[in-house]
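Chains as they are written, first to last, in our numbering: chain A, 1 to 427; chain G, 1 to 427.
In this text, a Cβ means the ideal position worked out from N, Cα and C, and glycines have one as well.
For clarity, every value in this text was computed on a predicted model and none was experimentally measured.
What follows is a set of notes on a single structure, which appears directly below.
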């Protein structure tokens, strides 16, 4: 196992920031697992925004005993047991449980192992997952603490129920890709004419759903969202994102004030831990949907968001949940409660992660993609060995084996913090 | 700032373990803040159970820029702003937000600063807090994301309302201490005759509330709790603790099966994140109270537990919440919702922490201690400079200035991991 602290000085390069995160340096605690198989390495990472990446690296190092010396066949034969051995390590569990740094690290390690499974099988992860039997899929899930909402047997029945049409959906996915949306025109601080020109560019590129950051100034938001709606026309989806800055009552008032622009969702209106608050907001701002989840840290939180009606759109994150196993659990829960999954992405590596999850969801879990889409941001993809393809507002199904998280050797060398060339040159 | 990774090999010494944590090595990520004041140092820590303590130390180190070079007078004049500068650091916040490793580290750093405040004032922390004006107390609280349940003005009104009788309560506290309870007789695996003899010892020492671990075997639990009830007689409080091992429905059935022993509370019946699950359990097992909170990670989670009725007893932890500031927020919320606070303690350093919080709660917030008590465990106190006094089943009010978290030089040297004498001798 090798662990790397990689940071990209995006705080002085990025087009925009949001109301909660003014100066992110997109970063990765990146892990590479070596095996005795010829040329077989597994790659995982957790996404961070600068300071503290070294803390995530330390947490990944603390999981060394969970993977070193393990037999890949044994892990693949019991993926649920493998997950529990990491997420349930009794001493490390105290530091969460199943949340924060230790869970971010769990994602990196667990996903590096799934990368090995998929690479060895010669399939991209979405295809590897979609080719698993219903029994194998539920065997990867830890139903502990969610069985009051979803049992193993229910999950099996659901998976068998969505088996019809898999081949047609796979053909559609390979031919047409998977729907996506972007924020290109919606950053805080963009003047109106830049919003207009960036929106026109996006529409010309085939995008038909755009997100705008809100939450700094209410009157400004009313004007900006109306400008965006004016450019989008009445039928395209306009999404707004407050990045947690409001308290519950403020979230309700502010969102209603933006109703004129007909937003399809309001994202992260308040604290990501506030299930009951989101449920109140969802009720008050209906039919505007409440979207959240990029900071929702485990299956138990998602379960409650679904039970309470506080999450109309589930924005799973590729690194916040404890890796593929827990993502599957949340996809199953979302399908049971009829909640569309629209993953969070951007940063670095998040687009690479979540495309596989949405494609698997389409083929084997929810069986649909008309009411859902994946976030996209166009930066930092050049650091990955496998090219990320997004065309005409859609993710193209990857064909390379694995997760697509392997980073280029030059990038690992140059962006290493604090000793890589990019950082030493900055002094 | 100096940071130490201290571990105590309790896994081969402790009397007992619980259903979730079989082999804890009680540990501390310990921080010492040096100042320019003669002999003035601040001491804080976060409690862990072994592996991963180094991750917490790394997180504390990552907060160096938040405290180094700060002026103590300025911090004391704006304790809320100081707290927000740490808990709200935008890059570190991504790693939580306000949960897990990064929040455990926040507790250590924030509490070390409060130790400085109290030491400089020459008062034990409980007295320092209790001597603050209502305005100063609310100035320490971050009302962000809890204002739908408690506003600054409501908190002020509550604090003014509980000012009557403070002097009498302080006299009572100094004379009689604060009620406590203990687990001495209730560890999993104790044979019945040991339960009986340990209970008799505890009663002879003045304890009148005892806790028993449950959750491994239902029939065994029924028998063991009845043995304990038999020894306690009908009027003393018998507490049971499942350490999160059940799912919601199982928790309901199992707790009801133990009703015969008349438990006063069931502690941690399921996942500490499951607000709605706890609310269902609380409704189903009433009048047995549902107690939880040692893994409840911030004020937003406590707010919802109180709003939902899922927490009849609030078991705040001295290191899980983000230090004194957030503890005050939760004490105020608990008082507003009428929920008794019975802090979690044990491990190492937790008793030292929470005694101050309960005493402050008694004097200035809830104004009562008849329906509440502090957990106590009798181990590892010898490593602290300030003696912890518990007599006749009650915590004696500390008189030394500060938090009482300063550890002895020999302990810091010998238990340092992995290079201290205790660890090198173990090989």
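For chain G, none of the residues of the stretch 322-338 of chain A brings a beta carbon within less than 9 Å of one of its beta carbons. Assigned with DSSP and collapsed to three states, residue 423 of chain G falls in helix.
Between residue 131 of chain G and residue 83 of chain G the beta-carbon gap is near 19 Å, outside 8 Å, which marks them as no contact. Taking C-beta atoms as the reference points, residue 55 of chain G and residue 102 of chain A count as a pair closer than 9 Å.
About 27 Å separates the beta carbon of residue 40 of chain A from that of residue 27 of chain A, a gap too long to meet the 8 Å contact definition. Residue burial is scored here from C-beta neighbours: residue 118 of chain G has at least 16 other C-beta atoms within 10 angstroms and is therefore classed as buried.
Counting only residues of its own chain and dropping the five nearest sequence neighbours on each side, residue 371 of chain A has a CB closer than 7 Å to the CB of 340.
Residue 179 of chain A: member of the beta strand (DSSP E) spanning 178-182, first to last residue. If you look at residue 126 of chain G, you'll find it in the alpha helix (DSSP H) that goes 125-130. According to the DSSP assignment, residue 267 of chain G belongs to the beta strand (DSSP E) that extends over 265-267.
When secondary structure is reduced to three states using DSSP, residue 416 of chain A falls in the strand class.
Residues 308, 309, 310 of the same chain have their beta carbon placed closer than 7 Å to that of residue 279 of chain G, with the five preceding and five following residues left out of the count. About 18 Å separates the CB atoms of residue 350 of chain G and residue 400 of chain G; that is not less than 8 Å, and the two are not in contact. Under the Cβ distance rule, residue 353 of chain A does not count among the residues neighbouring chain G, no pair being separated by less than 9 Å. If you keep only unbroken beta strand (DSSP E) runs of at least 3 residues inside the stretch 258-311 of chain A, you get 265-267, 289-292. Judged by beta-carbon spacing, residue 211 of chain G lies within the 9 Å limit of residue 186 of chain G, meaning their Cβ atoms are closer than that value.
DSSP, reduced to helix, strand and coil, places residue 99 of chain A outside both helices and strands of the structure shown, so it counts as coil. In this structure the stretch 194-212 of chain A does not lie against the stretch 151-170 of chain A, because fewer than three pairs of beta carbons, one per stretch, are closer than 8 Å. One Cα belongs to residue 368 of chain A, the other to residue 120 of chain A, and the distance between them is close to 29 Å.
Here the C-alpha atom of residue 362 of chain A lies approximately 25 Å from the C-alpha atom of residue 240 of chain A. Residue-level contact check: residue 55 of chain G touches chain A, since one or more beta carbons of chain A fall below 9 Å from its beta carbon.
Bridge partners of residue 213 of chain G according to DSSP: G:241.
Assigned with DSSP and collapsed to three states, residue 396 of chain G falls in coil, not helix or strand. Runs of the beta strand (DSSP E) spanning 3 or more residues and lying entirely within the stretch 38-69 of chain G occur at 41-48, in chain order.
Remark: three or more beta-carbon pairs, one from each stretch, lie closer than 8 Å, so the stretch 247-259 of chain A and the stretch 274-291 of chain A are flagged as touching. Not a single CB atom of chain A sits nearer than 9 Å to the CB of residue 379 of chain G. Sequence-ordered contacts of the stretch 228-256 of chain G with chain A read 247, 248, 249 [C-beta pairs closer than 7 Å]. Assigned with DSSP and collapsed to three states, residue 384 of chain A falls in strand. With fewer than 16 other Cβ atoms from the protein chains shown falling within 10 Å of its own Cβ, residue 164 of chain G counts as exposed. For residue 390 of chain A, the secondary structure class from DSSP, reduced to helix, strand or coil, is strand. In the DSSP assignment, residue 375 of chain G forms a beta bridge with G:181. CA-CA distance, residue 138 of chain A to residue 75 of chain A, rounds to 15 Å.
In the three-state DSSP reduction, residue 6 of chain A falls in the strand class (E or B). Flagged as an interface residue toward chain G: residue 270 of chain A, by a C-beta distance shorter than 9 Å. In the DSSP annotation of this structure, the continuous segment of the alpha helix (DSSP H) that includes residue 139 of chain G starts and ends at 134-139. Distance from the CA of residue 314 of chain A to the CA of residue 300 of chain G, rounded to the nearest whole angstrom, comes to 20 Å.
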